[in-house]
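For reference, the structure is listed below as structure tokens.
Have a look at this one:
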């Protein structure tokens, strides 16, 4: 049984450690926040200018001056601090964020990632994604192993324009967990009931032992 | 009668205009603050991280956390703001300060200024002087026309290591006021009783009409 | 003595606008945008604007209002497309668009304001963003050269100003406003409240008044783009 | 849950020091210097330090204490010489010295902390500071390339910290402390007061705790270098 979206998020949450400063992307990565153990001290960054992102507000308590990078209304926590965008990306670019967990359209065996544009389709822009993959110490991608057409998203080389080159450290899909290593991807964990053979059949990237 | 130190400072104060942000150097330039008209809105910057520098504190009210760039105890004003050194020099380098009034060891007819080191003597460092002369929109030098040996400080070319190249706009000495113009220095004002001939005799730099 | 305070947004822009000008507009999404000054810019009729702003507003709010009237010739942004008119103009070639990574955009503004004409960053290396830019190695890693940005006019939004232009922002509405205020040849700030100089604690000022030439008190709609809430489980 | 708070300055430096290390120390003159951590650094006995600090303290206070014990091999500063021992070591060639313009020094720290390995500045063009540095023209003006600075350890001083390392500074004691805290691979902050997390207003935090790995409450002498006063004319 491949992992569900929520199980993938739960698996990704295991990448976090006590004291970590973390940036979570949109989509499945957002769900990771629900799986952080209560006794673990993790601070979520929102790149529009906030550390210590809290949960969504109660209805009627939304504050238009308090949003996350996905433009959703959120809340503060006791530890929260606010700062401007230049300082926010100084944190990101300067390697002060311990880990970013991001979605992707494609990843390649050399750690390349594409998640911002599809040629021929309307391009909305890269937002902060290029800064995150270039600057954050450890990049973990969480995504479905295959796209909606059933084609693998784990490639020998990305076909879409890149967000970052050689930046991904780990990939968590519904089938397995890969590490980007010398020569290709190494399977470090399989979803329950998923075999190495299943993974190989769904992967274009070189899988190394 | 050449201008006294205080008269030079008073003359320099005429360089200020309503709404100006101003950086005053150490020495005679510091005295300029005493000659700012009461109805003129001028904000003094201290490059260690303050806008809106107030006067010295009353005895017993010195605050070690509140000093100017000369490391003297000072006070705040209602308009005061504090910021870090990087932001302070962003202001200076970014051309946001309207004018800096500085002392000098030597100035040259091309606007070069030397005011930080004498080879063979112990060098204390340039502090913020190089940033100021490079970044501030208008640089006015206030200094004695001649050094203690009676040698002119207004030269064809500086002999001492430079603080900045081609940066000085105006020079106020005890004898006169020069503007740095195409081809040399132009006398725009004489101290009372000082003749053009007096200035020429005390100046090495090319004086243009 | 302060002459920074203006009565209306239109007055605050008087003499500052010209066709072909570059305008930076603070805000992230619709959060912390200079609503009143955008409207005044529309009323001014100024054309062929190069707008530098992280986003492009929505169809009927924010910079979208200047797209409707076709006053914008080019946008420099990191993320757009919450906006049908933007899409139409872009696809038809009427609107030029330059995408900058968000952090690169923020740093370009801060650099421009700080007198730094160029800086090196890892962001974008190996991507379309790096094309045509100088590449250079520092300590064995490759970086690209990005340039500082300066605007003819920066319009920003703060919570409070004193009459000398010292600004305080509220929560995540700070975002691009401080670096863009630094990068404006002239910066106009609209605020929710103007307080007497001396009312702000000098240690709590987010942006010193030296970066702000004009101030106007605005009225704010503060539209929310994504209203997300949770259920109240306990009472 | 926070593990950032240490009981003594010595404990706060444990495991962080090694001979030949680079240390940034915040402060301007004797204002806002990390008095307690400088003492702890002296006690640690670490040698051959490259110290990055705007000034070098005085003979018996601040970084002067580490000069006395000859623990500093090299200084990167903008202004020194309130210090006889410094003078002696420098003139005898025992101490290396690299002068940086003050603004260049501050920006090099901020750049290092922000992941910017190099930036261009007008400061120093045509002077000794520019020698051997790349010159480059932008918009018809000449600039020089300066590099970002990173330290093995940054020691800074703030007024208050919460237990997550969010810092608030007092008046001009802020100075180099924030950019240097950003540039430390590890940053230790000494403060006058540690408050519970939640006590600081999130809009009034000067330096977010992400830049601060360890905190210790210190005791402070806060020496004044130039005591200047005016007479009380009215009572």
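Chains as they are written, first to last, in my numbering: chain A, -9 to 199; chain B, -9 to 199; chain C, 3 to 237; chain D, 3 to 237. Ideal Cβ positions, reconstructed from N, Cα and C, are used throughout, including at glycine.
Ordered along the chain, which non-local residues of its own chain (more than five positions away) have a Cβ less than 6 Å from that of residue 15 of chain A?
92 and 93
Bounding residues of the alpha helix (DSSP H) (the contiguous stretch that carries residue 81 of chain B):
75 to 83
If we define contact as Cβ-Cβ less than 7 Å, is residue 47 of chain B a contact residue for chain D?
yes
Going along chain C, which residues have a C-beta under 8 Å from residue 172 of chain D?
205
State the beta-bridge partners of residue 128 of chain A as determined by DSSP.
A:89
If I'm right that residue 164 of chain D touches residue 202 of chain D with Cβ under 8 Å, what's the distance once you round it to whole angstroms?
5 Å
Alpha carbon to alpha carbon, how far is residue 80 of chain B from residue 26 of chain D?
20 Å
Kindly list, in the order they appear in chain C, the residues whose Cβ is closer than 8 Å to that of residue 119 of chain D.
122, 140, 141, 143 and 145
C-beta contact flag for residue 75 of chain B and residue 39 of chain B at 7 Å
yes
Checking contacts by CB at 7 Å: is residue 17 of chain D closer than that to chain A?
no
Is the beta carbon of residue 13 of chain B sitting closer than 7 Å to the one on residue 90 of chain B?
yes
Quick check on residue 216 of chain D - is its C-beta less than 7 Å from some C-beta in chain A?
no
From the DSSP output, read off the bridge partner residues of residue 26 of chain C.
C:54 and C:156
Sequence-distant residues of the same chain with beta carbon closer than 7 Å to residue 150 of chain C, five excluded per side:
110, 113, 114, 118, 119 and 120
In the DSSP output, what is residue 239 of chain C paired with across the bridge?
Summary: the structure shown does not reach residue 239 of chain C, with chain C confined to residues 3 through 237, and so no result is reported for it.
For chain B, check one thing: does any of its Cβ atoms lie closer than 7 Å to the Cβ of residue 20 of chain D?
no
Buried or exposed: which applies to residue 82 of chain B, given that a residue is buried once 16 or more other Cβ atoms fall within 10 Å of its Cβ?
buried
Buried or exposed: which applies to residue 227 of chain C, given that a residue is buried once 16 or more other Cβ atoms fall within 10 Å of its Cβ?
buried
Strictly below 8 Å CB to CB, what residues from chain C border residue 39 of chain A?
30, 174, 176 and 177
How about residue 3 of chain D: is its C-beta nearer than 7 Å to some C-beta of chain A?
The pLDDT assigned to residue 3 of chain D is 43, lower than 50, so where the model puts this residue is not dependable; a value taken from the coordinates is nonetheless given after this. True, the Cβ-Cβ gap to chain A drops below 7 Å.
Alpha carbon to alpha carbon, how far is residue 50 of chain C from residue 70 of chain A?
41 Å
From what residue to what residue does the beta strand (DSSP E) around residue 180 of chain B run?
174 to 180
Less than 7 Å between CB atoms is the rule here; does residue 232 of chain C satisfy it with respect to chain A?
yes
Is residue 83 of chain A close to chain C? Criterion is C-beta to C-beta, closer than 7 Å.
yes
What three-state label does DSSP hand residue 38 of chain B in the structure shown?
coil
Kindly list the residues whose CB is nearer than 8 Å to the CB of residue 162 of chain C, restricted to its own chain and excluding five residues on each side of it in sequence; keep chain order.
169, 170, 193, 194, 195, 196, 197 and 202
Which residue marks the beginning of the alpha helix (DSSP H) containing residue 181 of chain C, and which one marks its end?
179 to 185
Exposed or buried, residue 138 of chain B, counting other C-beta atoms within 10 Å across all chains shown (16 or more means buried)?
exposed
Cβ contact (3+ pairs, closer than 8 Å) linking the segment 4 to 23 of chain C and the segment 135 to 149 of chain B
no
Confirm, please, whether the CB-CB distance from residue 86 of chain B to residue 35 of chain C is below 7 Å.
no
Quick one: Cα of residue 173 of chain A to Cα of residue 112 of chain A, how far?
35 Å
Using a beta-carbon distance cut-off of less than 7 Å, what residues from the segment 45 to 78 of chain A approach chain D?
66, 68, 69, 70, 71, 72 and 73
Does the beta carbon of residue 120 of chain B come closer than 7 Å to any beta carbon on chain D?
yes
Quick check: what's the CA-CA separation for residue 154 of chain C versus residue 21 of chain D?
51 Å
Assigned secondary structure, residue 3 of chain C (DSSP; H/G/I helix, E/B strand, else coil):
Residue placement at residue 3 of chain C cannot be trusted, given a pLDDT of 43 that sits under 50; the coordinates are not used to answer.
Counting only C-beta atoms, is residue 129 of chain D closer than 7 Å to chain A at any point?
no
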